[in-house]
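Let me begin by presenting the structure, written as structure tokens, before commenting on it.
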Amino acid sequence: MKRIGAVLEKTLNALMALCLALMSILVFGNVVLRYGFNSGITWSEEMSRFLFIWMSFFGAIGALKDNDHLGVDTLLRKLPSSAKRIVFIMSNVIVLYVLYLLFDGSWKMTISGLESKAPATGLPMAFIYGTGLVVSVGMGIITLFHMYQALFRPGAIDELTRMKESEEEIMEAAHGEMTKWHQKQGAVGGER
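Heads up: the sequence shown at position 159 corresponds to 169 in my numbering, and the numbers run straight through without jumps.
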């Protein structure tokens, strides 16, 4: 299961990087053409917007997988593990319902968008409305997996509900850098 998760994470990261690279190339190229040669790529702005939408939704899936979405955990931190599990499951049931609503609305929009085309690129609007289908299915699978872990894996609830404060992340990063620096200094000192 971890191998599948790692492959999916690499795929998501590659897709986000591809979207960002294409978006950057299109915008930069269009700016150079517009100001340098008094022309431009007519579909560049529209395609950049489409790529940004896809990149954002891929990022949302990745953030859910890593439990990096914004959350208020003041109350949750004070609860015992059994109560955390109940609150976690209840909140994830609500998330699944919202994802169902997103899927349902996106499905209807995708079907209706099969016939309509984007003005500059000529792509079917279903290409954009389909992002809701992808994100709702991806996030739904991750949410179900997290619920399964919370219910059946001992100790998983503390891992799943742990939200790092930005100060904690900074301290962990600084500690890691200091450890690397000390190891490097030890290696350099040992060579003398």
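Glycine included, each C-beta is placed from N, C-alpha and C at the ideal position.
Fair warning: this is a prediction, and the values are worked out from it, not measured in the lab.
Quick one: using the 10 Å Cβ neighbour count with 16 as the cut-off for buried, is residue i buried or exposed?
i: S49; result: exposed
i: V41; result: exposed
i: H156; result: buried
i: A160; result: buried
i: M65; result: buried
i: F162; result: exposed
i: M61; result: Residue 61 is actually Leu in this sequence, not Met. Buried is the call here.
i: Y158; result: exposed
i: S122; result: exposed
i: G148; result: buried
i: I14; result: exposed
Just the C-alpha distance for residue i and residue j, rounded to the nearest angstrom, thanks.
i: L106; j: L74; result: 13 Å
i: M57; j: S116; result: 20 Å
i: L109; j: G150; result: 7 Å
i: L86; j: T171; result: 8 Å
i: L28; j: I104; result: 32 Å
i: V97; j: L89; result: 9 Å
i: F38; j: R44; result: 10 Å
i: T84; j: D168; result: 14 Å
i: R95; j: L154; result: 14 Å
i: K194; j: E182; result: 18 Å
i: H79; j: S34; result: 26 Å
i: L32; j: M26; result: 10 Å
i: K118; j: R59; result: 22 Å
i: V82; j: P134; result: 39 Å
i: A24; j: L36; result: 18 Å
i: T52; j: P129; result: 10 Å
i: Y139; j: T131; result: 15 Å
i: E55; j: S101; result: 38 Å
i: A93; j: K12; result: 27 Å
i: S111; j: T120; result: In the sequence as presented, Ser is not what sits at residue 111; that position holds Leu. If you take the alpha carbons of L111 and T120, they lie about 14 Å apart.
Which residues bound the alpha helix (DSSP H) around residue i?
i: R163; result: No alpha helix (DSSP H) holds R163; DSSP gives it neither H nor E.
i: W64; result: S54 to K75
i: D83; result: From DSSP, D83 is part of no alpha helix (DSSP H); its letter is neither H nor E.
i: N23; result: K12 to F47
i: I104; result: S91 to S122
Under the assumption that residue i contacts residue j (Cβ atoms under 8 Å), give the Cβ distance between them as a whole number of angstroms.
i: T21; j: F67; result: The pair is not a contact, with the Cβ atoms about 14 Å apart (cut-off 8 Å).
i: I71; j: V145; result: 6 Å
Is any heavy atom in the ligand ADP found nearer than 6 Å to the beta carbon of residue i?
i: G165; result: Only the bare structure without any ligand can be found here, which leaves the ligand ADP out of the picture.
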